[in-house]
Amino acid sequence: MAHYQQQGDIPPKRHTQHRRPSEGGNGGEGAKGELYYEELMGEEGFSSDSSLLYHRNIPSTIAGAREWEVGDLSTTPNHPLVPRHLRLHDLFTAEEVASTDVVTGRRLVLGNGDVRISYAVAGATSPWYRNGIGDECVYVERGAARVETVFGAFDVAQGDYLVIPRATTHRWIPVTDGEEPLRAYCIEANSHIAPPKRYLSKYGQFLEHAPYCERDLRPPVGTLLAEDIGADPAEETEVFIKHRGNGPGGIVGTVHTLPFHPLDVVGWDGCLYPYAFNLRDFEPITGRVHQPPPVHQVFEGWNFVICNFVPRKVDYHPLAVPVPYYHSNVDSDEIMFYVDGDYEARKGSGIGRGSISVHPGGHAHGPQPGASEASLGVEYFDETAVMVDTFRPLELGEGARAVDDGKYAWSWSGGRGSGPESGGGDFSIG
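The structure is reproduced here in structure tokens:
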């Protein structure tokens, strides 16, 4: 984000001495305390956004390293090519939730060389974690959590996106006394994730036509030190790191043991940091006739975009057909995660809250039979969904193979269809 923030204790000039307060001193010029360790965290070879963090400890220090088995990241091509319905709410049993965390417990649903989509229903605190491959955008479907990072803390809840830059050390602490468990929809990039360029000026300010702006973004709250959370600053701590290697999808994991607690940043400033944005603050763009999917875009990464569909007034031309027209995404796969509401175009398909529809490039898709006629005269859609469009084909992860309903492809033909077994679904309709 090219939106400058400053938190905690930093020196007046960058790359100058910054010392711990000596007895009776304040850490400023002339103080005799020990130097803090300055870390420049920057993107694109330090030619793009960056932040400066001031650590109590040398950030390069490790006391040990071991392998981390990151789970099943294997993928299977969507072949034969069919649209699919995945029931994410079937991925975790109630008994599994208490011991599942958002980092090690997420299950891969879909992935390619640019982006991976995973899902977790979590009741356990995650280990400290750093994604060394790309940025993460985690959407909180239900529940709530506290997220502690080296930049500060967040309290996130239903409808929040949390965008976490590559190599940011953090952990997830679910709120376990609520009505709903923490349900996290995790979008992991092999690149950076940012607001669409068309929403921004050449200097990075949100433009007037953008459906959200800087006021809607929540930076981390304050700096956060080990003692602030009741931890010993000198305790050994493990940090789980996802990084490139020769595992499935080119991904492997390592656990570093630090001889100190990772929350040791006394201050930072810059334009690179995690931030939260709630879907309710997205102002939908509507028109007299049905608007194309790009009006719903909220973020973008390399070779993929993230859109959200929110409750809104719909098309007001007297002859408008409010549900989408049939369309072919000739350059992309369309992945729709149905979060809430009554999705008009999918009535009769079996899709409901917690479902994913997979509409692959090369296949025209659109409303279920009868939905277009039934939508005439409708003035408002009460629907919430998160969509990811990718410009390279997505393959099915083990999570998708486990919860594919095996029937969705035939929903436009009244259930009349047949095909080979594929993934987790039986494609023969009895």
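With the first letter of the sequence shown counted as 1, position 421 gets the number 421 in UniProt numbering; the numbers rise by one all the way through.
Using N, Cα and C, we set each Cβ at its ideal position, and we do this for glycine too.
Keep in mind it's a predicted model, so treat the numbers as computed, not measured.
May I ask you to report which of helix, strand or coil DSSP gives residue i?
i, result
"histidine 296", "helix"
"histidine 85", "strand"
"valine 289", "coil"
"glutamate 334", "strand"
"serine 372", "helix"
"histidine 346", "The question names histidine, but residue 346 in the sequence shown is arginine. Arginine 346 falls in the helix class under three-state DSSP."
"leucine 279", "helix"
"glutamine 404", "Correcting the residue type first, residue 404 is aspartate in the shown sequence and not glutamine. Here aspartate 404 sits in strand by DSSP."
"glutamate 67", "strand"
"glutamine 6", "strand"
"serine 411", "helix"
"lysine 13", "coil"
"tyrosine 199", "helix"
"alanine 385", "strand"
"arginine 215", "helix"
"aspartate 90", "helix"
"valine 102", "coil"
"valine 266", "strand"
In whole angstroms, give me the CA-to-CA distance for residue i and residue j.
i, j, result
"alanine 157", "arginine 166", "22 Å"
"glycine 399", "glycine 361", "21 Å"
"alanine 63", "glutamate 235", "12 Å"
"proline 420", "asparagine 57", "Any reading at proline 420 needs caution, since the residue's pLDDT is 44, under 50, leaving its predicted position unreliable; the model's value is listed next. When rounded, the distance between both Cα atoms is 58 Å."
"serine 60", "glycine 341", "48 Å"
"glycine 366", "valine 82", "14 Å"
"lysine 202", "leucine 217", "19 Å"
"tyrosine 408", "proline 80", "14 Å"
"phenylalanine 260", "aspartate 72", "31 Å"
"histidine 89", "valine 339", "11 Å"
"glycine 406", "histidine 85", "7 Å"
"glycine 350", "phenylalanine 337", "14 Å"
"glutamine 297", "tyrosine 185", "17 Å"
"glutamate 208", "arginine 215", "13 Å"
"alanine 320", "arginine 288", "7 Å"
"tryptophan 172", "phenylalanine 151", "14 Å"
"tryptophan 412", "serine 328", "15 Å"
"asparagine 303", "tryptophan 128", "29 Å"
"serine 372", "glutamate 69", "48 Å"
"histidine 3", "serine 357", "35 Å"
"proline 311", "tyrosine 343", "10 Å"
"leucine 263", "leucine 224", "6 Å"
"glycine 134", "isoleucine 164", "9 Å"
"residue 431", "glutamate 395", "For the chain, the structure presents residues 1 to 430; residue 431 sits outside this window and is missing."
"aspartate 382", "phenylalanine 282", "14 Å"
"serine 375", "proline 322", "6 Å"
"glycine 178", "serine 332", "38 Å"
"isoleucine 241", "tyrosine 316", "50 Å"
"glycine 430", "glycine 414", "Because the pLDDT of glycine 430 is 21, which lies under 50, any placement of that residue in the model is unreliable, and the number read from its coordinates should be weighed accordingly. Each residue's alpha carbon lies about 12 Å from the other."
"valine 109", "tyrosine 212", "29 Å"
"serine 50", "glutamate 334", "32 Å"
Considering only DSSP beta bridges, list what residue i is partnered with.
i, result
"glutamate 188", "Arg116, Glu136"
"tyrosine 380", "Lys313"
"glycine 111", "Arg116, Glu395"
"histidine 261", "The partner list for histidine 261 (beta bridge, DSSP) is empty, contrary to what the question assumes."
"threonine 76", "Leu396"
"tryptophan 172", "Val147"
"valine 358", "Arg84, Ile335"
"arginine 19", "Leu35"
"isoleucine 58", "Note: isoleucine 58 sits in no beta bridge, so no partner."
"proline 390", "The amino acid at residue 390 is misidentified as proline; the sequence shows threonine. Note: threonine 390 sits in a beta bridge opposite Phe304, Asp333."
"histidine 327", "His365"
"leucine 207", "Leucine 207 pairs with nothing; no bridge assigned."
"arginine 130", "Ile241"
"alanine 122", "Leu182"
"glycine 341", "Glu383"
Which residues in the same chain have their Cβ closer than 8 Å to the Cβ of residue i, if we skip the five residues on either side of it in sequence?
i, result
"tyrosine 326", "Ala364, His365, Gly366, Pro367"
"alanine 124", "Ala98, Ser99, Thr100, Asp101, Gly105, Pro174"
"phenylalanine 65", "According to the sequence as given, residue 65 is alanine; it is not phenylalanine. Correct list, in chain order: Thr254, Val255, His256, Thr257."
"residue 450", "No answer is possible for residue 450: the residues shown for the chain start at 1 and end at 430."
"arginine 142", "Gln158, Glu180, Pro181, Leu182, Arg183"
Once the 5 residues before and after residue i are set aside, which same chain residues still bring their CB inside 7 Å of it?
i, result
"glycine 113", "Asn190, Arg392"
"proline 219", "Gln5, Tyr273, Tyr275"
"valine 295", "Ile285"
"leucine 162", "Val138, Val147, Phe154, Val156, Pro274, Ala276"
"glycine 132", "Arg166, Ala167, Ile241, Lys242, His243"
Leaving out five residues before and five after residue i in sequence, what residues of the same chain have Cβ atoms less than 6 Å from its Cβ?
i, result
"aspartate 160", "Val140, Ala276, Asn278"
"phenylalanine 92", "Val121"
"glycine 301", "Ala189, Ser191, Ile193"
"glycine 354", "Leu88, His89"
"valine 305", "Gln297, Asp389"
"glycine 250", "Arg244"
Hey, would you say the C-beta of residue i is under 8 Å away from at least one heavy atom of the ligand MN?
i, result
"glutamate 180", "The ligand MN is not part of the structure shown, which contains no ligands of any sort."
Go through the segment 138-170 residue by residue and report every complete run of the beta strand (DSSP E) that reaches 3 residues or more, in order.
144-149, 152-157, 160-164
Which runs of the alpha helix (DSSP H) at least 4 residues long sit entirely within the segment 225-257? Give them in chain order.
none
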